[in-house]
Amino acid sequence: MEPPVRLASTGTIIHGVSVGEVLGVSTLAQARLIAGESGLGRIVQRLNVMEVPDILAWVKPHELLLTTGYPLRNTPQSLGRLVADLDERGLAALAIKLGRYVDELPAEMVEQADRLGFPLILLPNDVGFDDILNQVLTDILNRQAAVLARAEEAHRALVQVVLAGGGLDEVTEGVAGLLDVAVAAVDGGGRVRAAAGPPDHVTVLRESIRRESPATTPARRQGVATTPPRPQGVATTPPRSENPAPARRAAPGGRGRTFVSVPVVAAGHHHGRIVAYSPSGAIRDSDIGILERAATVAALVVTRQEAVNAVESKYRADFLRDVLTGRAGGAERLTTRARTFGWDLERPVTVLVAELDPDGDERSAQDRLVTSWTAAIRRHDPRGAVAGFSHEVVAVVGATVDAARLAKDAASAFADSPPVTFSTGTSRPSPGADTLPEAYAQALKAARVGRQLHGPGAVAHFDQLGVYRLLSLVNDTDELHAFVRETLGPLATDDDAENADLRRTLQVLLETNLNVAETARRLHFHYNTLRYRIGKLERLLGGFTDDPHLRLNLTLALHVLRMRGI
């Protein structure tokens with residue numbers, strides 16, 4: 001059997017006209033819609049002619065199928081199933097000539113078309129298929145050319161924005177002007193970086209973005225997703241099903257969407273999205289193409305800014321490292337350079353050091369640590385200095401800033417992806433830039449000793465280290481271990497389960513200055529039980545109750561044991 005006469009593949013056509021618009025062409029002026037009025041918004045991208053019974057093997061989505069009914073003349077019973085089969089394959093509509101081979105369409109076929117929203121069109125007998133093919137295809141190609149020309153013009157305009165040094169503000173303004181909609185550029189954290197369009201529409205768009213949950217609707221077309229979350233009273237385009245039919249369906253008349261979100265992706269990294277809003281639901285597929293171009297341009301803007309930020313971050317880090325090591329030059333030069341970064345180092349300040357704790361993935365976490373502290377500094381002290389070094393982040397803030405609250409704020413932002421943690425150390429207040437090297441050393445010492453005392457995630461102030469500050473100056477840890485063994489004897493280890501209990505008793509006795517009654521109360525012991533334990537401790541350690549020097553050594557040995565990592 002010879003294959004049916006049909007058009008060559010038009011797979012490169014991505015835009016079309018709605019069925020309703022097809023009915024408006026001059027060759028179909030006498031055509032009549034029999035059923036499926038709710039499907040007039042279906043998009044026609046190609047045409048086909050049905051003149052053989054096995055046409056289903058040849059049809060493609062978005063086709064307008066033309067027929068005289070010749071293949072069905074001997075099998076009218078198949079007409080009842082034809083509409084469902086064509087709809088399942090995503091066709092736009094079926095146009096048929098009656099009278100020559102098929103006198104009328106079965107009622108079942110008409111009812112099914114109405115139920116599925118599949119347009120059935122009765123063609124006038126005096127119009128040839130070639131005229132219909134020529135005129136409708138011309139309209140489709142003209143539409144395609146116009147859309148592509150508009151997209152190219154938009155792309156050139158947006159690229160010019162980038163070449164002129166514009167940012168996300170200019171990109172959103174350009175898109176809003178091109179599409180007459182409200183547009184927002186949203187970063188990966190859901191924050192609106194730029195927005196443009198009618199003020200009342202922008203307000204609705206911002207509110208919708210704020211209300212969105214982290215899990216957004218999955219992309220359906222080249223990463224495009226309609227966004228169903230909305231503020232009260234705002235209508236949006238209903239989300240498409242997880243398994244949409246092959247044919248794209250639009251509302252009658254080809255009406256578009258209310259909300260559309262397009263991801264901004266560069267080098268495989270997701271940098272946010274471009275979101276558009278039109279209260280009249282006027283965002284069409286051709287507009288989505290422009291939004292995708294805008295997302296590409298936005299990706300260029302973001303990557304350009306990231307490159308600039310990387311260079312600036314290096315300069316900031318190099319300068320701050322020079323300041324903290326005393327190599328930044330004279331006070332006047334130091335102050336002038338600090339001002340170029342927006343830092344105020346002439347006032348009394350405090351230095352904070354945040355170090356990633358061991359066992360974390362330092363390469364991936366260091367950037368997030370810098371970002372978390374930078375954001376926290378902006379909130380607490382916009383004139384404060386912050387920079388990331390190879391293994392730490394250093395911040396210099398006004399002495400009046402609540403350092404503990406600042407560290408907690410940064411830790412809260414960083415805690416989005418545990419188990420990576422960091423320890424923070426805080427210096428004494430520094431009266432000016434001359435004493436910053438000393439303050440930096442204090443903060444660094446506080447961070448490291450605090451981690452030794454309290455474990456990962458510690459927050460310590462230099463003034464709170466006490467004797468631990470002195471112990472940390474001993475670089476020979478073997479000597480410290482030897483001192484602990486010589487002083488505490490068998491209590492230096494946990495070989496016996498009773499050792500930890502006896503150490504706790506000794507520690508409380510020393511803390512209460514050998515006050516037996518107070519020690520018994522704290523440990524919930526009977527007085528005689530504690531007297532027995534004191535005797536046992538003296539047999540193991542010596543007469544510490546009568547020897548103040550021994551008590552000092554015992555206290556230091558217990559402090560060394562508390563320092564983790566020693």
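Quick note on numbering: the UniProt record's numbering labels position 365 of the sequence shown as 365, and the sequence is numbered without any gaps. Using N, Cα and C, we set each Cβ at its ideal position, and we do this for glycine too.
Range covered by the alpha helix (DSSP H) that runs through residue i
{"i": "S208", "result": "199 to 211"}
{"i": "I55", "result": "Looking at the DSSP string, I55 is not in any alpha helix (DSSP H), and its letter there is neither H nor E."}
{"i": "residue 575", "result": "Lying outside 1 to 566, the shown extent of the chain, residue 575 is not represented and no answer is given."}
{"i": "T138", "result": "129 to 163"}
{"i": "L48", "result": "It is Asn, not Leu, that sits at residue 48 in the sequence shown. That residue, N48, is in no alpha helix (DSSP H); its beta strand (DSSP E) goes 46 to 50."}
{"i": "A410", "result": "403 to 414"}
{"i": "L453", "result": "436 to 454"}
{"i": "A482", "result": "477 to 488"}
{"i": "A176", "result": "168 to 179"}
Bounding residues of the beta strand (DSSP E) (the contiguous stretch that carries residue i)
{"i": "L550", "result": "Element bounds for L550: not the beta strand (DSSP E) but the alpha helix (DSSP H), 548 to 562."}
{"i": "H526", "result": "That residue, H526, is in no beta strand (DSSP E); it is neither H nor E in DSSP."}
{"i": "G425", "result": "422 to 426"}
{"i": "V396", "result": "392 to 398"}
{"i": "R32", "result": "32 to 35"}
{"i": "D187", "result": "182 to 187"}
{"i": "V349", "result": "349 to 356"}
{"i": "R504", "result": "First-last for R504: 497 to 511, but that is the alpha helix (DSSP H), not the beta strand (DSSP E)."}
{"i": "L116", "result": "From DSSP, L116 is part of no beta strand (DSSP E) but of the alpha helix (DSSP H) over 107 to 116."}
{"i": "V25", "result": "Taken as a continuous stretch (DSSP letters only), V25 belongs to no beta strand (DSSP E), as it is neither H nor E."}
{"i": "H461", "result": "459 to 461"}
{"i": "G388", "result": "385 to 388"}
{"i": "R193", "result": "192 to 196"}
{"i": "L66", "result": "63 to 67"}
{"i": "A95", "result": "93 to 96"}
{"i": "L122", "result": "120 to 122"}
Same chain, Cβ closer than 6 Å to residue i, neighbours up to 5 away in sequence not counted
{"i": "A460", "result": "G425, A446, G450"}
{"i": "T505", "result": "R533"}
{"i": "D187", "result": "R193, G272"}
{"i": "L133", "result": "L47"}
{"i": "R221", "result": "Annotation note: pLDDT 39 at R221 (below 50); position unreliable, coordinate value reported separately. Excluding positions up to five away in sequence, the list is empty."}
{"i": "G117", "result": "G36, S38, G39"}
{"i": "V22", "result": "V44, V136"}
{"i": "Q30", "result": "P124"}
Spatial neighbours of residue i in its chain, beta-carbon cut-off 8 Å, leaving aside the 5 residues before and after
{"i": "S405", "result": "Going by the sequence as given, residue 405 is Arg instead of Ser. Here the set comprises H380."}
{"i": "V265", "result": "G223, H271, A295, A299"}
{"i": "P231", "result": "At P231, the pLDDT of 35 sits below 50, so the modelled position is not reliable; the number obtained from the coordinates is stated separately. Correct list, in chain order: V204, E207, S208, R211."}
{"i": "S430", "result": "P348, V349, T350, V351, A399, L436, E438, A439"}
{"i": "L158", "result": "V171, G174, V175, R293, A294, V297"}
Residues near residue i in its chain [Cβ-Cβ closer than 7 Å; skip 5 each side]
{"i": "F389", "result": "A317, R321"}
{"i": "P214", "result": "With a pLDDT of 49 at P214, under the threshold of 50, the modelled position of this residue cannot be trusted; read the value that follows with caution. So no residue of the chain qualifies."}
{"i": "V512", "result": "As written in the sequence, residue 512 is Thr, which differs from the Val given in the question. So the qualifying residues of the chain are E518, T519."}
{"i": "A492", "result": "V484, R485"}
Expected contact under 8 Å - CB spacing of residue i and residue j to nearest Å
{"i": "residue 567", "j": "E63", "result": "Residue 567 is absent from the structure shown; the chain starts at 1 and stops at 566."}
{"i": "P119", "j": "L40", "result": "6 Å"}
{"i": "V183", "j": "A196", "result": "6 Å"}
{"i": "S427", "j": "A439", "result": "4 Å"}
{"i": "F422", "j": "A354", "result": "5 Å"}
{"i": "L324", "j": "V401", "result": "L324 to V401, Cβ: 18 Å. No contact."}
{"i": "T545", "j": "L523", "result": "Contact doesn't hold; Cβ gap of about 17 Å is too wide."}
{"i": "V49", "j": "F129", "result": "6 Å"}
{"i": "I290", "j": "A154", "result": "5 Å"}
{"i": "Q135", "j": "V17", "result": "About 11 Å separates the two Cβ atoms, so there is no contact after all."}
{"i": "A328", "j": "F319", "result": "7 Å"}
{"i": "V516", "j": "R531", "result": "7 Å"}
Min CB distance residue i to chain C below 8 Å
{"i": "L82", "result": "The structure shown has no chain C; it contains just one protein chain."}
beta-carbon residue i near the ligand NAD non-hydrogen atom, thresh 7 Å
{"i": "I283", "result": "This structure lacks the ligand NAD; in fact it carries no ligand of any kind."}
Segment contact, 8 Å Cβ cut-off, at least three pairs: the region 170 to 178 with the region 307 to 321: no
Segment contact flag, the region 97 to 113 with the region 31 to 38, C-beta cutoff 8 Å, min 3 pairs: yes
At least 3 beta-carbon pairs within less than 8 Å: the region 365 to 372 vs the region 296 to 305: no
Sufficient close CB pairs (3 or more, under 8 Å) joining the region 495 to 514 to the region 527 to 542: yes
Touching by the beta-carbon criterion (3+ pairs, under 8 Å), the region 91 to 102 and the region 120 to 129: yes
3 or more residues per run - each beta strand (DSSP E) lying fully within the region 258 to 332: 259 to 266, 269 to 277
Three CB pairs or more closer than 8 Å across the region 473 to 489 and the region 549 to 559: yes
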